[in-house]
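J.: One structure, as structure tokens, below. Some questions next.
Residue numbers (our numbering): 412 to 936.
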């Protein structure tokens, strides 16, 4: 009971990405996340990837400026009320923001204020270590000698403590092994696991879809947004639920149960209607929720943290196909640009697939590196995603028929490459395969590159036209871009390329005061 406190999480451009809600205090308090559209979930977005509380004010600080870093909104609000530049973490003490979020602190001089408990000190120690690794030249830590148990900046302000004196007395951070988790002590000794090949029992790899997807193995389906790869993955799921024929004439799918994990499409308005049109057996298809319960709090589902629970369900329900769409929405705290972390994430997933004899189809987006001629190197974030998969398929527009799409295999370790498959949509929007097609992969790649360049040019032209009469509120520009089907990522690339100024105007002294506007530079270039 009681009023709901809603704290908006804004990025450095002032755009609201999520809203943290809480009701009550103490052990009985309730907390949850909402999206700006009112959804009671983060939609698969990892909390570690959310901006810091107060991120929208960091851009205005000069290089080297001192900024306090606290845990949570109440502590951030307390220091902000004293006129102290401050940012707050949104992850809770058990996790830390990802590198892309922390990067905005690197050019500044962060002063970390840990909550006075073991988790709080570890939380800030891990942040300090990451900031140093990212190249931050000055990282300091506050020591509040009289802090009560779990005491934070909000408690200090409420008790009348001289907060500015504490900040001035902060000391340079130095690594403390006791505060950094997951460290192996010198007394622990690793034990090698040795297997004699004489004892290994040979197993034959069984296909789910011959030459394309295999039971017990990881497959990747990559393609730019809007090309129908999610619909194609649902068609595959429907055929497995029915034991139906594969569209390339390679036999029938083994009939079995399917588990879907989707962060982008709604069950009621998109996924189930599509499966019904595809004739799927609904009794054999399950959907995994985007959050898990941890006490009274809902936290984002992560393949890194919740794999044992997922495997248990897969085994209990005899799931033979798991579709993850998109994979990067469920990677948790892993830095997907770092080889070691990607392998640490994917190795347990691949091992789980093998134990459960379940095929995993992960949907991904190719990156925008048009200098690469090999599609394998355009799989998002890190090449290790493609390296871990036994088969990699790419969806792109047919270069000779813009109404058709092509699903082509660019990697397959377990068989010869199958022929590319064409698909499209009927006049009433139904998914339909068009049979195998002979298509040179270099032409398919060139088509994808031209499409990306064209989308960026279109976004630039849109910005120049819509802002021709002067500055506009950022929210209005983003809204008109959505109406014109311009993807937000493409729009923000165009903003950067055009040198558009992003500034905050209006009453900034009040909470929520002012607004963010975009301004074309002189000459519109």
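Beta carbons: idealized from backbone N, C-alpha and C, even for Gly.
Give the C-beta separation of residue 627 and residue 470 to the nearest angstrom, bearing in mind that I take them to be a contact with Cβ-Cβ under 8 Å.
T.: Walking along the chain shown from the start, residue 627 turns up at place 216. Walking along the chain shown from the start, residue 470 turns up at place 59. Not really, about 48 Å apart at Cβ, beyond 8 Å.
J.: Taking the beta carbon of residue 770 as the centre, do at least 16 other beta carbons fall within 10 Å, making it buried, or is it exposed?
T.: As a working mapping, residue 770 is identified with position 359 in the chain shown. Residue 770 comes out buried.
J.: Any idea if residue 838 is buried or exposed, counting beta-carbon neighbours within 10 angstroms, 16 or more meaning buried?
T.: By one-based count along the chain shown, residue 838 stands at place 427. When all chains shown are included, residue 838 counts as exposed.
J.: In three-state DSSP terms, what is residue 643?
T.: Residue numbering aside, residue 643 sits at position 232 when the chain shown is read from its first letter. In this structure, residue 643 counts as helix in the three-state DSSP scheme.
J.: In three-state terms, what does DSSP make of residue 534?
T.: The count along the chain shown starts at 1 and reaches residue 534 at position 123. Helix.
J.: Would you tell me roughly how many angstroms separate the C-alpha atoms of residue 801 and residue 466, rounded to the nearest one?
T.: Numbered from its first residue, the chain shown carries residue 801 at position 390. Numbered from its first residue, the chain shown carries residue 466 at position 55. For residue 801 and residue 466, the distance between alpha carbons rounds to 40 Å.
J.: What did DSSP end up calling residue 901 once you bin it into helix, strand or coil?
T.: The residue labelled residue 901 in the question sits at position 490 within the chain shown. Three-state DSSP puts residue 901 in a helix.
J.: Measure the alpha-carbon distance for residue 792 versus residue 445 and round it to whole angstroms.
T.: Looking up residue 792 in the chain shown gives position 381. Looking up residue 445 in the chain shown gives position 34. With a pLDDT of only 48 at residue 792, under 50, the local geometry of the prediction cannot be trusted, and the value read off the model is given with reservation. For residue 792 and residue 445, the gap between their C-alpha atoms comes out near 27 Å.
J.: Report, in whole angstroms, the separation of the C-beta atoms of residue 431 and residue 501, which I expect to be a contact under 8 Å.
T.: As a working note, residue 431 is residue 20 in the chain shown. As a working note, residue 501 is residue 90 in the chain shown. That belief holds up - the Cβ atoms of residue 431 and residue 501 are roughly 7 Å apart, short of 8 Å.
J.: Could you tell me the distance, in whole angstroms, from the CA atom of residue 910 to the CA atom of residue 932?
T.: By 1-based counting over the chain shown, the position of residue 910 is 499. By 1-based counting over the chain shown, the position of residue 932 is 521. Between residue 910 and residue 932, the C-alpha separation is close to 7 Å.
J.: Give a yes or no on whether the C-beta atoms belonging to residue 928 and residue 884 are separated by under 7 Å.
T.: Position 517 of the chain shown, counting from 1, holds the residue named residue 928. Position 473 of the chain shown, counting from 1, holds the residue named residue 884. Yes, they are a contact pair.
J.: Go ahead and label residue 563 buried or exposed: buried means 16 or more other beta carbons lie within 10 angstroms of its beta carbon, across all protein chains shown.
T.: What you label residue 563 is simply residue 152 of the chain shown in a count that begins at 1. The residue is buried, with at least 16 neighbouring Cβ atoms inside 10 Å.
J.: Nearest to residue 548 by alpha carbon, out of 574, 539, 556?
T.: The residue given as residue 548 occupies position 137 in the chain shown. Among 574, 539, 556, the Cα nearest to that of residue 548 is on 539.
J.: Starting from residue 515, trace the alpha helix (DSSP H) both ways and give me its first and last residue.
T.: Taking the chain shown and counting its residues from 1, one reaches residue 515 at position 104. Its alpha helix (DSSP H) spans residues 510-517.
J.: Should residue 805 and residue 732 be called a contact, given that it needs their Cβ atoms to be closer than 7 Å?
T.: As a position in the chain shown, residue 805 is number 394, starting the count at 1. As a position in the chain shown, residue 732 is number 321, starting the count at 1. Not a contact, by the Cβ cut-off of 7 Å.
J.: Nearest to residue 616 by alpha carbon, out of 659, 686, 505, 766?
T.: Counting from one through the chain shown, the residue named residue 616 turns up at place 205. Nearest C-alpha to residue 616: 766.
J.: With three or more beta-carbon pairs closer than 8 Å as the criterion, would you say the segment 688-704 touches the segment 642-658?
T.: yes
J.: Quick one: Cα of residue 614 to Cα of residue 629, how far?
T.: Working through the chain shown from its first residue, we reach residue 614 at position 203. Working through the chain shown from its first residue, we reach residue 629 at position 218. If you take the alpha carbons of residue 614 and residue 629, they lie about 17 Å apart.
J.: Determine the DSSP secondary structure at residue 763, reduced to helix, strand or coil.
T.: Locating residue 763 in the chain shown gives position 352, where the first residue counts as 1. Residue 763 falls in the helix class under three-state DSSP.
J.: Assuming residue 659 and residue 832 make a contact with CB atoms under 8 Å, what is their CB distance in whole Å?
T.: For the purposes of this step, residue 659 is identified with residue 248 of the chain shown, where counting begins at 1. For the purposes of this step, residue 832 is identified with residue 421 of the chain shown, where counting begins at 1. With a Cβ gap of about 6 Å, residue 659 and residue 832 count as contacting.
J.: Quick check: the Cα distance between residue 448 and residue 829, rounded to an integer number of angstroms?
T.: By one-based count along the chain shown, residue 448 stands at place 37. By one-based count along the chain shown, residue 829 stands at place 418. Residue 448 and residue 829: Cα-Cα distance of roughly 42 Å.
J.: Using the Cα positions of residue 745 and residue 754, report the straight-line distance between them to the nearest angstrom.
T.: In the chain shown, the residue the question calls residue 745 occupies position 334. In the chain shown, the residue the question calls residue 754 occupies position 343. Taking the straight line joining both Cα atoms gives about 10 Å.
J.: At a cut of 8 Å, does the segment 520-528 reach the segment 474-482 through at least three beta carbon pairs?
T.: At 8 Å Cβ cutoff, the stretches touch.
J.: Express the C-alpha separation of residue 416 and residue 781 in angstroms, rounding to a whole number.
T.: Indexing the chain shown from 1 puts residue 781 at position 370. Indexing the chain shown from 1 puts residue 416 at position 5. For residue 781, the predicted structure reports a pLDDT of 45, less than 50, and the residue's modelled location is therefore unreliable. The matter cannot be settled from this model.
J.: Excluding the five sequence neighbours on either side, which residues of its own chain have a C-beta within less than 7 Å of the C-beta of residue 451, listed in chain order?
T.: As a position in the chain shown, residue 451 is number 40, starting the count at 1. Taken in chain order, the residues that qualify are 443, 445.
J.: Going residue by residue through the segment 418-448, where are the continuous alpha helix (DSSP H) segments of at least 4 residues, counting only ones entirely within it?
T.: none
J.: Determine the closest residue to residue 895 out of 812, 550, 871, with distance taken between C-alpha atoms.
T.: Counting from one through the chain shown, the residue named residue 895 turns up at place 484. When only C-alpha atoms are compared, the closest one is 871.
J.: Verify whether the separation of the beta carbon atoms of residue 913 and residue 424 is less than 7 Å.
T.: Mapped onto the chain shown, residue 913 falls at position 502. Mapped onto the chain shown, residue 424 falls at position 13. In this structure, residue 424 lies closer than 7 Å to residue 913 by Cβ.
J.: Just how far apart, CA to CA, sit residue 419 and residue 845?
T.: Here residue 419 refers to the residue found at position 8 of the chain shown. Here residue 845 refers to the residue found at position 434 of the chain shown. If I take the Cα positions, the gap works out to 47 Å.
J.: Is it true that the CB of residue 464 sits closer than 7 Å to the CB of residue 487?
T.: Taking the chain shown and counting its residues from 1, the one referred to as residue 487 is at position 76. Taking the chain shown and counting its residues from 1, the one referred to as residue 464 is at position 53. For residue 487 and residue 464, yes; Cβs fall inside 7 Å.
J.: Please work out which residues of its chain come closer than 6 Å, Cβ to Cβ, to residue 848, disregarding the five sequence neighbours upstream and downstream, and give them in chain order.
T.: As a first step, residue 848 is located in the chain shown; it is residue number 437 there, counting from the start. The residues are 831, 833.
J.: At the level of alpha carbons, what is the spacing between residue 949 and residue 840?
T.: Only positions 412 to 936 of the chain appear in the structure, and residue 949 is not among them; the question remains open.
J.: Is the separation between the beta-carbon of residue 711 and that of residue 738 shorter than 7 Å?
T.: Your numbering for residue 711 matches position 300 in the chain shown. Your numbering for residue 738 matches position 327 in the chain shown. Not a contact, by the Cβ cut-off of 7 Å.
J.: Can you say whether residue 586 is buried or exposed, counting buried as having 16 or more other CB atoms within 10 angstroms of its CB?
T.: Along the chain shown, one-based indexing puts residue 586 at 175. By the neighbour-count rule (16 or more Cβ atoms within 10 Å), residue 586 is not buried but exposed.
J.: Can you list, in chain order, the residues of its chain with a C-beta nearer than 8 Å to that of residue 414? Leave out the 5 residues immediately preceding and following it.
T.: Here residue 414 is taken as the residue at index 3 of the chain shown, counted from 1. Taken in chain order, the residues that qualify are 434.
J.: The alpha helix (DSSP H) spanning residue 498 covers which residue range?
T.: By 1-based counting over the chain shown, the position of residue 498 is 87. First-last for residue 498: 497-500, but that is the beta strand (DSSP E), not the alpha helix (DSSP H).
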